[in-house]
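Chemist: One structure, pasted below without further comment.
Chains as they are written, first to last, in our numbering: chain A, 1099 to 1220; chain B, 5 to 244.
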C-alpha cells in the first residue's frame, strides 16, 4: 500500500514538475495521470508489473473520491453572498448544459459507432 | 480541572477536530446514502457539505480554521487524479475495441459541455469570472478545481458546481435516455460519465455494469480533454 501511494505521489510530482518547466496549460496531476498510464502500459509490454501496489492505493482513493471534494465544497459558504444573487442563472445553466451534454454525447457515440462499424457489441 | 468551555476553545482552534469531523461526517453521509438505496438526492458529497456548512455557520467558525484541518483530505485530490490512470489501464482492452466512437464522442461531448456554458452564460449575462468557474464543471473535482484556479476562477465555487452537475446528470440521465429511446448501455454510460464524472459513474453502475464501465472510462478521458479544452475556450471566447 505504501509503495502504491509513493508511486501516485511520485507521478504527481513528475507531472507538476513537467508543467512547471514547460508551462503546459494542463493541471500537473493530469500529466501525472497520463505518465502513470504510459508507465503501466509500458510495464505490460515488457511483461513486468512496474508498480504492483498501485492498484490497491488507487482503488482506496477512488472509492472514497467524494470525501476529497468536501473541504472545497464547504468553502462555498464563504461565497454564499456571490452565489445567492445568481442562483436562478446558475440552476438554468447547470441543468440545460447537463441535459445538452448528455444528449450530444450519447448521440455522437451511437452515430460514430454505426458509422465506423465498431466490432464491439450489437 | 478545566471547564468544557475551555476544552471547546482549545479544540476549535486545532486542525484535529475539523479533520475528524470531516471524515466522520463523510462516513455517516455514505451510510445514509446506502440506506436510502443511493438516491441521488442524498448524494453523500452534497449532504456532507450541507451538514459541515451548517456546523460552521452555527458555531461561527471561519472557513480558514476549518480548512486548516480539512486540507489534509483536500490534498489527496492530486494523487486521486493520478490514480484514475489505474482503472483506465485495467479497462484499456475494452477501450481499444471502441476506440473511434470513444474518441469522437469524447471530443464532441467535452466541447458540448464547455460551449453550452459559454452560450448560456453569455445569454443570461453571467459575470466573466463566474463563467470561468463554470467551464470545467463536467470534469472530476480535482481537475476542475485546478483548471479553475489556474484561469483565475474560484475553485470553491467550481467544486460546488462540479458536484451539482454530478447530481443533476445522475438524476436526469435515466428518464432522458429512455425518452430518447436509447438502449445502448455503453453509449448511455459513456454520456453520463463524461457529463457527470464520478457521481454519474456511480449512478451508471447501479443501472447496468456495461454502463458503469463506460462511464468510468469517460470520466477518466474527460478529465484530460477538459483540461485541454477549457483553457483554449477561455482564451478564445472569453478573452484575457
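We treat Cβ as the ideally placed atom computed from N, Cα and C, and that holds for glycine.
Quick one, are the C-beta atoms of residue 1196 of chain A and residue 230 of chain B less than 8 angstroms apart?
Modeler: By 1-based counting over the first chain, the position of residue 1196 of chain A is 98. By 1-based counting over the second chain, the position of residue 230 of chain B is 226. No, the pair does not count as a contact, with Cβ atoms beyond the cut-off.
Chemist: Am I right that residue 147 of chain B and residue 173 of chain B are in contact with their C-beta atoms under 8 angstroms? What's the rounded C-beta distance?
Modeler: Translated into positions along the second chain, residue 147 of chain B becomes position 143. Translated into positions along the second chain, residue 173 of chain B becomes position 169. The pair is not a contact, with the Cβ atoms about 16 angstroms apart (cut-off 8 angstroms).
Chemist: Where residue 1178 of chain A and residue 30 of chain B are concerned, what is the direct C-alpha to C-alpha distance, given to the nearest angstrom?
Modeler: Looking up residue 1178 of chain A in the first chain gives position 80. Looking up residue 30 of chain B in the second chain gives position 26. Roughly 22 angstroms between the two C-alpha positions.
Chemist: Of the choices A:1160, A:1214, A:1107, A:1110, whose alpha-carbon is the least far from that of residue 223 of chain B?
Modeler: Taking the first residue of the second chain as 1, we reach residue 223 of chain B at position 219. Closest option to residue 223 of chain B, Cα to Cα, is A:1160.
Chemist: With a threshold of 8 angstroms between beta carbons, is residue 1185 of chain A in contact with chain B?
Modeler: Walking along the first chain from the start, residue 1185 of chain A turns up at place 87. Judged by the 8 angstroms Cβ criterion, residue 1185 of chain A is not in contact with chain B.
Chemist: Could you tell me which chain B residues have their CB closer than 8 angstroms to the CB of residue 1147 of chain A, listed as they occur along the chain?
Modeler: In the first chain, residue 1147 of chain A corresponds to position 49, counting from 1. Those within 8 angstroms of residue 1147 of chain A in chain B number zero; the least Cβ separation is about 11 angstroms.
Chemist: Which residues of chain A have a Cβ atom closer than 9 angstroms to the Cβ of residue 228 of chain B, listed in chain order?
Modeler: In the second chain, counting from the first residue as 1, residue 228 of chain B sits at position 224. Near residue 228 of chain B (Cβ distances below 9 angstroms), the residues of chain A are 1124, 1128, 1131, 1132.
Chemist: How long is the line joining the alpha carbons of residue 122 of chain B and residue 1198 of chain A, rounded to whole angstroms?
Modeler: Here residue 122 of chain B refers to the residue found at position 118 of the second chain. Here residue 1198 of chain A refers to the residue found at position 100 of the first chain. Taking the straight line from one Cα to the other gives about 13 angstroms.
Chemist: Please check if any C-beta of chain B sits within less than 8 angstroms of the C-beta of residue 1150 of chain A.
Modeler: Residue mapping note: residue 1150 of chain A aligns to position 52 of the first chain, counting from 1. No, because no Cβ of chain B sits closer than 8 angstroms to the Cβ of residue 1150 of chain A.
Chemist: Any chance the CB of residue 185 of chain B is under 7 angstroms from a heavy atom of the ligand SAH?
Modeler: Judged by which ligands are present, the structure shown has none, so any question about the ligand SAH falls away.
Chemist: Output the distance between the C-alpha atoms of residue 1219 of chain A and residue 103 of chain B, rounded to the nearest integer angstrom.
Modeler: Walking along the first chain from the start, residue 1219 of chain A turns up at place 121. Walking along the second chain from the start, residue 103 of chain B turns up at place 99. Model confidence at residue 1219 of chain A stands at a pLDDT of 47, short of 50, so the residue's coordinates are unreliable; what they give is reported in the following sentence. Going by the C-alpha atoms only, they are around 13 angstroms apart.
Chemist: Who are the Cβ neighbours of residue 117 of chain B in its own chain at under 6 angstroms, not counting the five residues just before and after it?
Modeler: Mapped onto the second chain, residue 117 of chain B falls at position 113. The residues are 142.
Chemist: Taking DSSP as the reference, what is the three-state secondary structure of residue 100 of chain B?
Modeler: Along the second chain, read from residue 1 onward, the residue named residue 100 of chain B stands at position 96. Residue 100 of chain B: helix per DSSP, three-state reduction.
Chemist: Please report the Cβ distance between residue 1172 of chain A and residue 67 of chain B, rounded to the nearest whole angstrom; I am assuming they are in contact, meaning their Cβ atoms lie under 8 angstroms.
Modeler: Position 74 of the first chain, counted from the start, is the residue given in the question as residue 1172 of chain A. Position 63 of the second chain, counted from the start, is the residue given in the question as residue 67 of chain B. With 8 angstroms as the limit, residue 1172 of chain A and residue 67 of chain B qualify as a contact, their Cβ atoms being about 7 angstroms apart.
Chemist: Measure from the alpha carbon of residue 1157 of chain A to the alpha carbon of each residue in B:75, B:86, B:41, then state which is nearest.
Modeler: Position 59 of the first chain, counting from 1, holds the residue named residue 1157 of chain A. Of B:75, B:86, B:41, the residue nearest in Cα terms is B:86.
Chemist: Which residues, taken in chain order from the stretch 182 to 196 of chain B, show a beta carbon closer than 8 angstroms to some beta carbon of chain A?
Modeler: So the close ones are 184, 186, 188, 190, 191, 192, 194, 195, 196.
Chemist: For a cutoff of 8 angstroms on Cβ pairs, would you count residue 1118 of chain A as touching chain B?
Modeler: Reading the first chain from its first residue, position 20 is the one you call residue 1118 of chain A. Chain B contact via Cβ: absent.
Chemist: Is there a Cβ from chain A that is less than 8 angstroms from the Cβ of residue 32 of chain B?
Modeler: In the second chain, the residue the question calls residue 32 of chain B occupies position 28. Chain A contact via Cβ: absent.
Chemist: Among B:100, B:129, B:228, which has the Cα closest to the Cα of residue 1183 of chain A?
Modeler: For the purposes of this step, residue 1183 of chain A is taken as the residue at position 85 of the first chain. For the residues B:100, B:129, B:228, the minimum Cα distance to residue 1183 of chain A belongs to B:129.
Chemist: Answer yes if the stretch 1200 to 1212 of chain A comes into contact with the stretch 178 to 188 of chain B, meaning at least three C-beta pairs across the two stretches below 8 angstroms, and no otherwise.
Modeler: Contact holds: three or more Cβ-Cβ distances are below 8 angstroms.
Chemist: Kindly indicate which three-state DSSP category residue 135 of chain B falls into: helix, strand or coil?
Modeler: If you number the second chain from 1, residue 135 of chain B lands on position 131. Helix.
Chemist: With contact counted as at least three CB pairs below 8 angstroms, one residue from each stretch, are the stretch 1161 to 1171 of chain A and the stretch 149 to 167 of chain B in contact?
Modeler: Yes, the stretch 1161 to 1171 of chain A is in contact with the stretch 149 to 167 of chain B.
Chemist: Can you check which of these residues, B:179, B:64, B:206, is closest to residue 38 of chain B by C-alpha distance?
Modeler: Translated into the one-based positions of the second chain, residue 38 of chain B becomes position 34. Of the listed residues, the one whose Cα sits closest to residue 38 of chain B is B:206.
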